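For the sequence shown, the positions run 122 to 557 when this note's numbering is used. For every residue, glycine included, the Cβ atom is placed at its ideal position computed from N, Cα and C. Since the structure is predicted, the reported quantities are computational estimates derived from the model, not experimental observations.
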Amino acid sequence: MGNKRDKTESDLTTHGLNPYKIVNDLLQESVEKLKLNNNIYEILRKPMRLLEVSLPVRMDNGEIQNFTGYRCQHIDILGPTKGGIRFHPDVSVDEVKALSIWMSLKSAILDLPLGGGKGGVIVDPAQLSERELEILSRTYIRKITPIIGPQKDIPAPDVNTTPEMMGWMIDEFDQLRGYNIPGMITGKPVIIGGSLGRLEATGRGVVLTIREAAEVLKMDLSKSTAAIQGFGNVGSMTAKFLDELGVKILSVTDAKGGIYKKEGLNIPELIDFVKEGNLASEFSEAESISNEDMFGLEVDILIPAAIENQINKDTAPNIKAKIVAEAANGPTTPEGDAILEEKEIFVIPDILCNAGGVTVSYFEWVQNSMNYYWSEKEINQKLEEHMVFGFESILKMRDEENCRMRQAAYMVGINHIVKALSARGWIKDSDLTSNE
Ligand code: GLU
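Written as structure tokens, this is what we have:
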């Protein structure tokens, strides 16, 4: 029997950094820079609701294993809360809290009428059989049912969760409620109300922001190179769309290792190879490379598309890219960030870069409530409008305030939320001026 102690709030994630503390510091700094009162930070710094659930599952060997899950809702003044569910051994209370705040900011930046939410289960899904995974997914949804629903909080996929799992989850919810409620979850299979383009949406959005950044930097993408950390849904879709623009992808890594090819990897072949159930790092048409070495490659664009705290004081000094596109949530530590700034690297911050996923999730939810479905072309067009709007708002803020892109992103998001706080009477005019 292994050690069954679950992680608690005091546990720290990779590199000894706590994402909830990181997001809080950035919120406070941004409220100050916007010359708003500290009362605004006081409202935003804590999620409005957090639920912890126990998830007993009878495993295939007959034993019961009791997993721990969370659902966290940050603020719902712009609309119902929304955000994914991750299945990962490093899930913790502070991680879901931070992720829920990031979701609020993403929706605010892209002008979506939604608040931020996030869920997670402490588990390594690779260790579970399909039956165990299905039972765990269904049990999780049963346990969080009292606080979710299309008008309350709408989950979606995140790290290690898939459309198939969303299918099990909606089925469980519908069985409990006794009728079909397609808008309770997004990222589900298209046949049961999923949106066309949702699977590709995060990667498509990442590449749209890279396109915009390249324009600012006057870079010709068809002559550029890239490296990607992580080859899950987001990493592989980002690779696909970059490849279509003529960007040469020299390296890709995953949890088990990495691959490198000086002339550029054959991305369609690599995607097919991974679809067949293989790991990207096992692709034999390339040399192997470590995660650390990948960060130091001579490439124009570096894309962290895995988990938190990957660009840090150890990896950041070696980065040579002109653009860092944060496809993952929270991939850069404050120390890493300072190093990127010093090197004048153009950072596309996570709360903009990966917001294409929640944007098409929003479209899915809208289509579910109309019960009328748009073409993929229409969805991609609307996605592009939102991503470009978000990028331009942040760039304008960066130039006006003479700050870095991440800070500008927080400021744009906070400003938008503040308007709703004001309209609902949560704050007074005096809160719109700084404490000094
Ligand atoms: N998990 C994704 C994110 O972090 C998507 C959330 C959603 O579609 O609601 O943005």
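Beta-carbon proximity of residue i to residue j, cut-off 9 Å
i	j	result
aspartate 146	proline 425	no
isoleucine 422	isoleucine 515	no
serine 221	glycine 237	yes
serine 228	proline 234	yes
lysine 264	glycine 288	no
proline 303	isoleucine 291	yes
tyrosine 191	threonine 307	no
valine 481	arginine 319	yes
isoleucine 161	valine 152	yes
serine 357	isoleucine 392	yes
Cβ shell of residue i (< 7 Å), same chain only, five flanking positions each side left out
i	result
aspartate 245	Pro210
glutamine 186	Val178 and Met180
aspartate 295	Asn301 and Ile302
threonine 134	Residue placement at threonine 134 is flagged as unreliable, the pLDDT there being 48, under the threshold of 50; the coordinate-derived value follows with that caveat. If we look at threonine 134 and ignore the five residues flanking it on each side, its Cβ neighbours are Pro140, Asp211, Ser213, Glu216, Glu429 and Asn430.
lysine 549	none
Residues of its chain near residue i, where Cβ-Cβ distance is below 6 Å and the 5 sequence neighbours each way are ignored
i	result
aspartate 414	none
glycine 457	Ile432, Asn433 and Ala437
Residue(s) in a DSSP beta bridge with residue i
i	result
tyrosine 191	Glu173 and Gly241
lysine 369	Thr346
glutamine 186	Val178
First and last residue of the uninterrupted beta strand (DSSP E) at residue i
i	result
tyrosine 162	Element bounds for tyrosine 162: not the beta strand (DSSP E) but the alpha helix (DSSP H), 159–165.
leucine 233	That residue, leucine 233, is in no beta strand (DSSP E); it is neither H nor E in DSSP.
arginine 207	206–209
alanine 446	444–446
phenylalanine 467	467–469
isoleucine 198	Element bounds for isoleucine 198: n/a, residue is neither H nor E.
isoleucine 424	422–425
glutamate 408	408–410
Buried versus exposed call for residue i [16 or more other C-beta atoms within 10 Å across all chains shown]
i	result
lysine 540	exposed
glutamate 406	exposed
glutamine 272	exposed
aspartate 197	buried
tyrosine 493	exposed
asparagine 450	buried
aspartate 364	buried
glutamine 248	exposed
isoleucine 312	exposed
glutamine 502	exposed
lysine 441	exposed
glutamate 403	exposed
methionine 491	exposed
asparagine 523	exposed
arginine 545	exposed
serine 258	buried
Any non-hydrogen atom of the ligand MG closer than 8 Å to residue i Cβ
i	result
aspartate 274	Annotation note on the ligand MG: not contained in the displayed structure, which lists the ligand GLU as its ligands.
Cβ shell of residue i (< 8 Å), same chain only, five flanking positions each side left out
i	result
lysine 383	Leu371
asparagine 556	Asn158 and Asn159
First and last residue of the uninterrupted alpha helix (DSSP H) at residue i
i	result
isoleucine 538	526–544
proline 438	Premise fails: proline 438 is in no alpha helix (DSSP H) and is neither H nor E.
tyrosine 379	The sequence shown places glycine at residue 379, not tyrosine. No alpha helix (DSSP H) contains glycine 379, which is instead part of the beta strand (DSSP E) from 378–381.
isoleucine 392	388–396
valine 337	319–337
tryptophan 547	Note, tryptophan 547: premise wrong, no alpha helix (DSSP H); not H, not E.
tyrosine 261	251–265
glycine 417	From DSSP, glycine 417 is part of no alpha helix (DSSP H); its letter is neither H nor E.
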